[in-house]
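S.K.: Here it is: the structure, laid out below.
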Amino acid sequence: MRPSRLFLGLLGTLFAAAVLLEALPLLDIAETEPIIAPAWGLLLAVILLALLDMLRLHRQSSPQVQRSLPGNLPLGRWSEVQLTLHHDYKQNVDIELFDHVPEGMDVEHLPQRVGLRPGQQTQIAYRLKPLVRGHFLFQRCELLLPSPMRLWQARRLLELPAQSRVYPDFARLHGAQLRAVDDWLSQLGVRQQPRRGLGLEFHQLREFRDGDTLRQIDWKATARKRTPIAREYQDERDQQLLLLLDCGRRMRSQDDELSHFDHALNASLLLAYVALRQGDAVGLATFAGNQSRYLAPAKGSNQINVLLNSVYDLDTSQQPVDFNAAADLLLARQQRRALVVVITNLRDEDDEELLSAVRRLSRRHQVLIASLREEVLDRLRQTPVDGFEQALAYCGTVDYLNARGNLHERLIAHGVPVLDARPAQLGPDLVSRYLAWKKAGAL
2 MRPSRLFLGL
12 LGTLFAAAVL
22 LEALPLLDIA
32 ETEPIIAPAW
42 GLLLAVILLA
52 LLDMLRLHRQ
62 SSPQVQRSLP
72 GNLPLGRWSE
82 VQLTLHHDYK
92 QNVDIELFDH
102 VPEGMDVEHL
112 PQRVGLRPGQ
122 QTQIAYRLKP
132 LVRGHFLFQR
142 CELLLPSPMR
152 LWQARRLLEL
162 PAQSRVYPDF
172 ARLHGAQLRA
182 VDDWLSQLGV
192 RQQPRRGLGL
202 EFHQLREFRD
212 GDTLRQIDWK
222 ATARKRTPIA
232 REYQDERDQQ
242 LLLLLDCGRR
252 MRSQDDELSH
262 FDHALNASLL
272 LAYVALRQGD
282 AVGLATFAGN
292 QSRYLAPAKG
302 SNQINVLLNS
312 VYDLDTSQQP
322 VDFNAAADLL
332 LARQQRRALV
342 VVITNLRDED
352 DEELLSAVRR
362 LSRRHQVLIA
372 SLREEVLDRL
382 RQTPVDGFEQ
392 ALAYCGTVDY
402 LNARGNLHER
412 LIAHGVPVLD
422 ARPAQLGPDL
432 VSRYLAWKKA
442 GAL
């Protein structure tokens, strides 16, 4: 409990006036003896009144607060939290409210000044944005409650336990279910490559359309219908996709609000969603440090939720990656042939170890390496050179990119496809490569 500004101002004014009345006779300015006693009496009355107001505030009940918090929050996106206040006050009361948000979240519109009216419940809202993934606990809410005569303010802590999980950016995944996959992918900038061949599974017969090949014409059906009839094929299903995520220290790099690892998680979920809609089975494995997890490939729309619950609290490790150990674990766990997408940030020192691991994986699986490229490298390479320091930065950047490009070329020369992508474009680029391989029957 603390005095309000009104009380401090009133008390200071009366005390200063009393002191001034005592001092004026000493300076032979004025005779104030008749009003000195009433002035000190007034000051004493204000103090007694303040003590009474303090007692009433101590006995005054706190409003009841209910928090409406989403159980799942998307990383890096603003979400709204609502607070509902119930009270039994007989007069208008203005309070200040602050919700104790866990560390690791940005918050807007807190604290707030709230007016409570008799016979009414009050609702307020604020926004929060998670900056890290994981499981978060909300413990309490804080109120600054004024006394009936506004002479005091009491700080009340209300226990208001709640919890929420912060997932990778899944909002667009759930929103995508409301529209066709092709339309959704085109909005994300995914490029559909022209189909070079036909899928292996027959789907249906339909009328011949512009763009169909003569090989698609079903001559018997055409003869019966006396109009060109074409066979329609669908991409082969029942294939397996396994996402292999690097959780090592190099994935801690950060160009914007999200780390490379968070970009990799978002891209993995985007690719998993598309593959599940294509009828393929999707699984996930992680490597580096103590972040080793494995989720066997499975089909169905529920698999995306299983993936989310498996990775929402994943974090990177301070330890370096061990590609050979990751290959050993994957070969032991994944017996059936699959498309293995390795998402990492390649360095030139990965040469021999990475080649050895990929060769062993390629004997049983089809492997794609997705290598994240820092945004700052592109900016430095495109920045005009105006001085010695900028020249050093430019030369260092070009040298690093050349070494990185040489590693990519060596991998490609050994038959290992490499996708070099900026973090923000990793998801659409992975989906484009996956759909292109599906269309070409390369999976």
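Position one of the sequence shown corresponds to residue 2 (this note's numbering), numbered consecutively onward. Just so it is clear, CB atoms sit at the ideal spot from N, CA and C, and this is done for glycine as well. Keep in mind that this is a model prediction, so the values were computed, not measured.
(1) Please state whether DSSP places L436 in a helix, a strand or coil.
(2) On the DSSP bridge assignment, give the partners of V82 in chain order.
(3) Quick one: any contact between the segment 102-115 and the segment 123-130, if contact means 3 or more CB pairs under 8 angstroms?
(4) Can you look up F139 in the DSSP assignment and give me helix, strand or coil?
(5) How would you label I1, buried or exposed, when you count the other beta carbons within 10 angstroms and need 16 or more for buried?
(6) The alpha helix (DSSP H) with Y90 in it runs from where to where?
(7) Is S148 near D89, with beta carbons less than 8 angstroms apart?
(8) With a CB to CB cut of under 7 angstroms and the five nearest residues on each side skipped, what residues in its chain are close to Q391?
(9) Have a look at V66 and I125 and give me their C-alpha separation to the nearest angstrom.
(10) Going by CA-CA distance only, name the one from L309, K91, R334 and S433 that's closest to R118.
(11) Considering only DSSP beta bridges, list what L15 is partnered with.
(12) Taking contact to mean at least 3 C-beta pairs separated by less than 8 angstroms, is the segment 361-374 in contact with the segment 418-433?
(13) Could you compute how far the alpha carbon of E1 sits from the alpha carbon of G77?
(14) DSSP on T384, reduced to helix/strand/coil?
(15) So, for H409: in the same chain, excluding its five sequence neighbours on each side, which residues have a beta-carbon less than 8 angstroms away from its beta-carbon?
(16) Which residue wins for smallest C-alpha separation from D211, given the options D219, A231 and Q205?
(17) If you draw a straight line from the alpha carbon of L310 to that of L152, how long is it in whole angstroms?
(18) Rounded to whole angstroms, how far is the Cβ of L331 from the Cβ of A286, which I believe are closer than 8 angstroms?
(19) In three-state DSSP terms, what is T398?
(20) Go ahead and label D387 buried or exposed: buried means 16 or more other beta carbons lie within 10 angstroms of its beta carbon, across all protein chains shown.
(21) The beta strand (DSSP E) that contains Q367, what's its start and end?
(22) Taking the DSSP output, what are the residues bridged to V47?
M.R.: If we stick to the structure as given:
(1) Reading the sequence shown from its first residue, position 435 is the one you call residue 436. Three-state DSSP puts L436 in a helix.
(2) Your numbering for residue 82 matches position 81 in the sequence shown. Partner(s): Y127.
(3) yes
(4) Residue mapping note: residue 139 aligns to position 138 of the sequence shown, counting from 1. F139: strand per DSSP, three-state reduction.
(5) No answer is possible for residue 1: it lies beyond the span of the chain, which begins at 2 and ends at 444.
(6) The sequence position of residue 90 within the sequence shown is 89, counting from 1. First-last for Y90: undefined, no H or E at that position.
(7) Within the sequence shown, numbered from 1, the residue matching residue 148 stands at position 147. Within the sequence shown, numbered from 1, the residue matching residue 89 stands at position 88. No, the pair does not count as a contact, with Cβ atoms beyond the cut-off.
(8) Your numbering for residue 391 matches position 390 in the sequence shown. Hits under 7 angstroms: T384.
(9) Along the sequence shown, read from residue 1 onward, the residue named residue 66 stands at position 65. Along the sequence shown, read from residue 1 onward, the residue named residue 125 stands at position 124. Cα to Cα, the separation comes out at about 11 angstroms.
(10) Numbered from its first residue, the sequence shown carries residue 118 at position 117. Out of L309, K91, R334 and S433, K91 has the C-alpha closest to the C-alpha of R118.
(11) Locating residue 15 in the sequence shown gives position 14, where the first residue counts as 1. L15 pairs with nothing; no bridge assigned.
(12) yes
(13) Residue 1 is absent from the structure shown; the chain starts at 2 and stops at 444.
(14) Numbered from its first residue, the sequence shown carries residue 384 at position 383. It is coil, neither helix nor strand.
(15) Walking along the sequence shown from the start, residue 409 turns up at place 408. For H409, where only same-chain residues beyond five positions count, the Cβ hits under 8 angstroms are L347, S372, V419 and D421.
(16) Position 210 of the sequence shown holds residue 211. For the residues D219, A231 and Q205, the minimum Cα distance to D211 belongs to A231.
(17) What you label residue 310 is simply residue 309 of the sequence shown in a count that begins at 1. What you label residue 152 is simply residue 151 of the sequence shown in a count that begins at 1. The identity of residue 310 in the sequence shown is Asn, whereas the question assumes Leu. Rounded to the nearest angstrom, the two C-alpha atoms are 51 angstroms apart.
(18) Counting from one through the sequence shown, the residue named residue 331 turns up at place 330. Counting from one through the sequence shown, the residue named residue 286 turns up at place 285. About 6 angstroms separates the two Cβ atoms, so the contact holds.
(19) Position 397 of the sequence shown, counting from 1, holds the residue named residue 398. DSSP places T398 in helix when its eight states are reduced to three.
(20) In the sequence shown, counting from the first residue as 1, residue 387 sits at position 386. Its Cβ having fewer than 16 others within 10 Å, D387 is exposed.
(21) The residue given as residue 367 occupies position 366 in the sequence shown. Note, Q367: beta strand (DSSP E), Q367 to L373.
(22) Working through the sequence shown from its first residue, we reach residue 47 at position 46. According to DSSP, V47 bridges with nothing at all.
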